[in-house]
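> In this note's numbering, the protein residues as written are 27 to 385.
Beta carbons are placed, not taken as given, at the ideal position from N, Cα and C, and that holds for glycine.
Quick one: structure below, then a few questions.
This is the structure:
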């Protein structure tokens with residue numbers, strides 16, 4: 027029986043993507059194995075799995091904790107079983123995203139120019155799957171999966187499902203308002219040319235955003251209300267909205283800007299490949315740059331910019347466009363090469379954590 031190498035290429039991509047995810051997660055898992063205690067990044071994310079509506083009332087980032095609360099009530103606080111659940115959820119979300127990416131950027135037929143570059147980027151770029159593993163169990167990954175499902179629903183005219191997924195994503199983590207929701211609304215508009223489905227999606231999302239602004243904080247001292255094993259991130263619900271990065275060396279800002287802008291450059295080259303004029307969908311991912319003003323997690327925001335661009339490419343065939351980018355100019359290739367160099371994950375607030383001497 028002849029081997030279908032195109033399908034095997036997809037399978038290999040998914041396997042390599044999860045290996046990259048494991049490479050990113052390795053420092054946390056190895057540190058845990060050596061010390062016997064969960065590392066702080068995992069404890070930080072575990073806090074979000076313990077904040078629930080049932081215990082603290084309505085507050086931001088409370089949906090996931092509310093869903094797992096019945097299960098976690100049966101498990102020791104901060105114990106191995108809870109971390110296994112949290113990491114398992116993250117692994118399933120990232121596996122699902124890898125499978126979807128393999129079908130988007132490794133077609134069974136001939137690939138269009140630049141299409142496979144995005145698959146390569148997910149495997150080796152510091153903002154690809156290694157970053158997802160390093161930022162292990164971050165709520166963003168669940169939102170990536172939800173927004174991908176919401177986009178699928180737009181393509182099939184199921185706008186009620188888009189609204190449901192987008193609103194749930196807002197209640198999981200509000201950062202999706204900047205990198206995911208603008209793309210969903212832009213695709214909905216360009217797919218239908220009607221304000222009615224746009225309003226159907228935007229209405230519940232904006233209502234949820236307003237509720238988070240008005241009632242998403244809490245006067246409860248979560249640091250004392252939560253079990254001490256999982257309260258590391260309790261300050262998230264009381265700190266200021268604006269938390270710009272200060273005091274970093276200039277190279278830090280330069281790298282963060284470069285890593286965020288390269289996906290937008292590739293998006294522009296996607297438009298050049300398709301010979302279409304700039305439109306709302308070209309601008310939608312730019313909204314993600316607002317996150318760089320709102321928080322210090324510059325490496326993390328760089329990955330969300332890439333995700334927003336991948337959403338635009340995912341929607342391309344439904345809009346009569348090719349899912350690729352014009353990468354012919356040599357200066358362009360040189361410009362994006364550092365973005366692809368596999369130097370480990372880009373990191374969160376501190377960039378290139380595998381190579382701290384860089385910054």
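Is the beta carbon of residue 40 sitting closer than 7 angstroms to the one on residue 124?
In contact: residue 40 and residue 124 (Cβ atoms closer than 7 angstroms).
> Please report how far the alpha carbon of residue 278 lies from the alpha carbon of residue 317, in whole angstroms.
About 16 angstroms.
> So, is residue 37 buried or exposed, given that buried needs 16 or more other C-beta atoms within 10 angstroms?
By the 10 Å Cβ count, residue 37 comes out exposed.
> Which residue comes first and which comes last in the alpha helix (DSSP H) that contains residue 326?
Counting along the chain, the alpha helix (DSSP H) containing residue 326 begins and ends at 324-341.
> Under 8 angstroms, with one C-beta from each stretch per pair, do the segment 362-379 and the segment 311-327 reach the 3-pair mark?
Yes, the segment 362-379 is in contact with the segment 311-327.
> Could you check whether residue 224 and residue 211 sit closer than 7 angstroms to each other, using their CB atoms as the reference points?
Their beta carbons are under 7 angstroms apart, which means residue 211 touches residue 224 by this criterion.
> On a CA-only basis, which of 345, 86, 69 is nearest residue 239? Give me that one, please.
Minimum Cα distance to residue 239 is reached at 86.
> To test your reading of the DSSP string, which unbroken alpha helix (DSSP H) runs of 4 or more residues are found completely within the segment 233-279?
Within the segment 233-279, the complete alpha helix (DSSP H) runs of at least 4 residues are 248-251.
> Does the segment 172-187 come within contact of the segment 281-288, defined as at least 3 CB pairs closer than 8 angstroms?
In short, these stretches do not touch, since the Cβ pair count stays below three.
> By the 10 Å Cβ neighbour count, where 16 or more other Cβ atoms means buried, how is residue 56 classified, buried or exposed?
With fewer than 16 other Cβ atoms within 10 Å, it is exposed.
> Where are the alpha helix (DSSP H) runs, 4 residues long or more, that stay fully inside the segment 43-86, in chain order?
Runs found: 66-76, 79-82.
> Quick check on this structure: which residue in 145, 74, 48 has the alpha carbon closest to the alpha carbon of residue 104?
Residue 104 has its Cα closest to that of 74, out of 145, 74, 48.
> Once DSSP output is grouped into helix, strand and coil, what is the label at residue 353?
Coil, per DSSP.
> State yes or no: is the C-beta of residue 162 within less than 7 angstroms of the C-beta of residue 119?
Contact: no.
> Let's see if you can read the secondary structure: which residues bound the alpha helix (DSSP H) around residue 370?
Residue 370 -> no alpha helix (DSSP H), and no H or E assigned at all.
> What residue from 197, 198, 176 has the CA that sits closest to residue 208's CA?
Nearest C-alpha to residue 208: 176.
> Determine, using beta carbons only, whether residue 195 and residue 126 come nearer to each other than 7 angstroms.
In this structure, residue 126 does not lie closer than 7 angstroms to residue 195 by Cβ.
> Take residue 188 and list the residues in its own chain whose beta-carbon comes closer than 6 angstroms to its own, dropping the five residues that flank it on each side.
Here the set comprises 176, 179, 180, 227.
> Output needed for residue 375: all residues of its chain with C-beta closer than 6 angstroms, excluding positions within five of it in sequence on either side, in chain order.
Same-chain partners within the cutoff: 322, 323.
> Would you kindly report the start and end of the unbroken alpha helix (DSSP H) that includes residue 142?
Looking at the DSSP string, the run of the alpha helix (DSSP H) that includes residue 142 is 141-150.
> Please work out which residues of its chain come closer than 6 angstroms, Cβ to Cβ, to residue 351, disregarding the five sequence neighbours upstream and downstream, and give them in chain order.
Result list for residue 351: 140, 292, 295, 296, 299, in chain order.
> Among the residues of its own chain, which have a CB less than 6 angstroms from the CB of residue 329, if the five just before and after it don't count?
Around residue 329: 153, 157.
> Should residue 303 go down as buried or exposed, given a rule of 16 or more other Cβ atoms within 10 Å for buried?
Result: exposed.
> Between the C-alpha atoms of residue 348 and residue 136, what's the straight-line distance to the nearest angstrom?
Computed Cα separation, rounded: 12 angstroms.
> State yes or no: is the C-beta of residue 197 within less than 7 angstroms of the C-beta of residue 89?
Contact: yes.
> In angstroms, rounded to a whole number, what distance separates the CA positions of residue 134 and residue 203?
Cα to Cα, residue 134 sits roughly 34 angstroms from residue 203.
> At the level of alpha carbons, what is the spacing between residue 217 and residue 109?
Cα to Cα, residue 217 sits roughly 41 angstroms from residue 109.
> What residues in its chain sit with their C-beta under 6 angstroms from that of residue 160, if we drop five residues either side in the sequence?
Counting only Cβ-Cβ distances below 6 angstroms, and skipping sequence neighbours, we find 50, 371.
> Shortest alpha-carbon distance to residue 76 belongs to which of 54, 337, 128, 111?
With distances taken between Cα atoms, residue 76 lies closest to 111.
> Where are the beta strand (DSSP E) runs, 3 residues long or more, that stay fully inside the segment 161-214, in chain order?
Runs of the beta strand (DSSP E) inside the segment 161-214: none found.
> Flag this pair as yes or no: are the beta carbons of residue 155 and residue 47 separated by less than 7 angstroms?
In this structure, residue 47 lies closer than 7 angstroms to residue 155 by Cβ.
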